[in-house]
Amino acid sequence: MADLLRSEAQADTGSSHKALINIHLAGGPSHQDMFDLKPEAPREFRGEFEPIPTNVSGIDICEHMPILGPKGGRQVCDHPVSDRFDCRPQRLPDPDRFSAGDLQSMGGRPSIGSVAARLHGSPGGAPPFVGYNGSYTGYLSSVFKPYKPQGGELKLNNTLTANRLQSRTDLLVGLDRLRRDVDHTGHMLALDAYTRQAVDIVTSGRVADALDMNTEDPRVRDRYGSQGSMFLKARRLIEAGVRVVGFNWGSWDTHSGNFNHLRGQLPNLDRSLHALLEDLHARGMDKDVTVCVWGEFGRTPRVNKNKGGRDHWYEVAMCFLAGGGMKTGQVVGKSSRNAERAVERPVHLLEVFATMYHNLGIDVRTTTIDDPGGRPQYLTGGRLPIHELVT
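Count along the sequence shown from 1, then add 286; that gives the number in my numbering.
Here it is as structure tokens:
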């Protein structure tokens, strides 16, 4: 922990209260059965679901997501996230690698959470990046890896009091003093401060408290539903000071039984996501917290024969965005009649990442991070935020 805090100070980029909740629908959600329905397409393409209107003219949503529908003005959906959208699970929910082999000799490109930890750090009392799924530090130091909470380990247990922890800290400082005596660079001078900040994080117990659902109003927990605990945890972690929270939710690899599976899955997503967005709005957090929901690719426009499923499709996918001070209540781009590919305003996935960086207060036009070879690397390779959302 102290290593992480030292690294944040070395970044010297200041702090930010902006935050991101990155929700990965593992397996690849069916865009044409959620936000990009094609009721005029042949049945083998359009499937079994009907669209229902939202409160924004021209924006429809699946009939099995009726709670989000009336709140269409608070969200945006990029239908044709394209350009060979093939971001496998090992690269999600952080698919900002330029290609599968890009900088692999150095560890690959870092995830957005690790970049945020490197550039902004945490205001204190909580780790900057909490990840419940596979996220990579890439060429960054392992001190920027996501923290995955396991119970109450960020809170003092009954056998370790604050006084005992202080004694251990004093011993650590004493040992470090021996190193400081032979250090001629001055790097050791701040060690005590970093160590004590790490101790403050442990003694504060803010993350442990955030994960204690028993302290949440039962009426709030009920709004999220039985499948919405991760959505609620994410909100509580952000309130505790975490900058980026990432997690997988549900199973979306519907090679067979696509429609029966989604009939059970979509209402749960609808309820939990709606509760999160309403919660953020009610708490005045919606301008600062970005919510991103997407998967690693789309699904085939044509329903496969005999199995009633949709297979992997790399030409187009969807991305749902809300909050973050963006211009919501719109759809960016348009897919073809059968949802096969982008025909208007294709959105590159790195534009989505540039938008999330922008919302976190990171300017992708000017910000670079040196790779292990000392070469400055831009975060999105020249791709800029989605101008329809941030200008």
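Just so you know, even glycine gets a beta-carbon here, dropped at the ideal spot from N, CA and C. Remember, predicted model here, so these are calculated numbers, not experimental data.
For the pair Gly-615 and Glu-630, the CB atoms are not nearer than the 8 Å cut-off. Under the DSSP definition of a beta bridge, Ala-305 partners with Val-575.
Within a 10 Å sphere around the beta-carbon of Thr-501 sit fewer than 16 other beta-carbons, which makes this residue exposed. It is roughly 16 Å from the alpha-carbon of Thr-641 to the alpha-carbon of Ser-400. In this structure, Val-416 sits near Leu-523, with a CB-CB distance shorter than 8 Å. Assigned with DSSP and collapsed to three states, His-350 falls in coil, not helix or strand. Remark: C-beta atoms of Met-320 and Leu-559 do not approach each other more closely than 8 Å. With respect to the C-alpha of Arg-529, the residue from Ser-391, Phe-331, Ile-398, Glu-330 having the closest C-alpha is Ile-398. Looking at the DSSP output, Gly-417 sits in a beta bridge with Gly-532.
Burial is judged here by how many other beta carbons sit within 10 angstroms of a residue's own beta carbon; Tyr-664 has fewer than 16 and is exposed. Between Val-602 and Arg-627, the C-beta gap is smaller than 8 Å, which places the two residues in contact. Each residue's CA atom was taken as its position, placing Arg-549 and Ile-345 some 21 Å apart. For the pair Arg-585 and Thr-540, the CB atoms are nearer than the 8 Å cut-off.
A distance of 8 Å or more separates the beta carbons of Gly-581 and His-406. Residue Asp-322 holds the alpha-carbon nearest to the alpha-carbon of Glu-349 among Glu-330, Asp-322, Ser-343, Ala-327.
About 19 Å separates the beta carbon of Ala-496 from that of Leu-563, a gap too long to meet the 8 Å contact definition.
The C-alpha of Thr-423 lies about 24 Å from the C-alpha of Gly-610.
Ser-408 sits buried, since 16 or more C-beta atoms from the chains shown fall within 10 Å of its C-beta. With a threshold of 16 other beta carbon atoms within 10 Å, Asp-574 meets it and is buried. Burial state of Gln-390 is exposed, judged by a 10 Å Cβ sphere holding fewer than 16 other Cβ atoms.
Burial state of Asn-645 is buried, judged by a 10 Å Cβ sphere holding 16 or more other Cβ atoms.
In the DSSP annotation of this structure, the continuous segment of the alpha helix (DSSP H) that includes Phe-517 starts and ends at 515-526. About 10 Å separates the beta carbon of Phe-335 from that of Lys-324, a gap too long to meet the 8 Å contact definition. Counting the other Cβ atoms within 10 Å of the Cβ of Lys-613 gives fewer than 16, which makes it exposed. Between Asn-554 and Ala-327, the CB-CB gap reaches or exceeds 8 Å. Apart from sequence neighbours up to five positions away, the residues of its chain that approach Lys-304 with a beta-carbon distance below 7 Å are Asp-574, Asn-645, Leu-646, Gly-647, ordered along the chain. Residues Phe-517, Leu-518, Ser-558, Ala-561 of the same chain have their beta carbon placed closer than 6 Å to that of Tyr-510, with the five preceding and five following residues left out of the count. Under the three-state reduction of DSSP, Asp-649 is assigned to coil, being neither helix nor strand.
Judged by DSSP secondary structure, Ala-494 falls within the alpha helix (DSSP H) whose first and last residues are 492-496. When secondary structure is reduced to three states using DSSP, Arg-505 falls in the helix class.
Here Asp-657 is not near Met-351, since their CB atoms are 8 Å or more apart. In this structure, the alpha-carbon of Pro-587 lies about 42 Å from that of Asp-503.
Looking at the DSSP output, Lys-620 sits in a beta bridge with Glu-630. Assigned with DSSP and collapsed to three states, Phe-335 falls in coil, not helix or strand. Residue pairing of Asp-656 in beta bridges, as defined by DSSP: Pro-662. Per DSSP, Leu-311 is not a residue of any alpha helix (DSSP H), being assigned neither H nor E.
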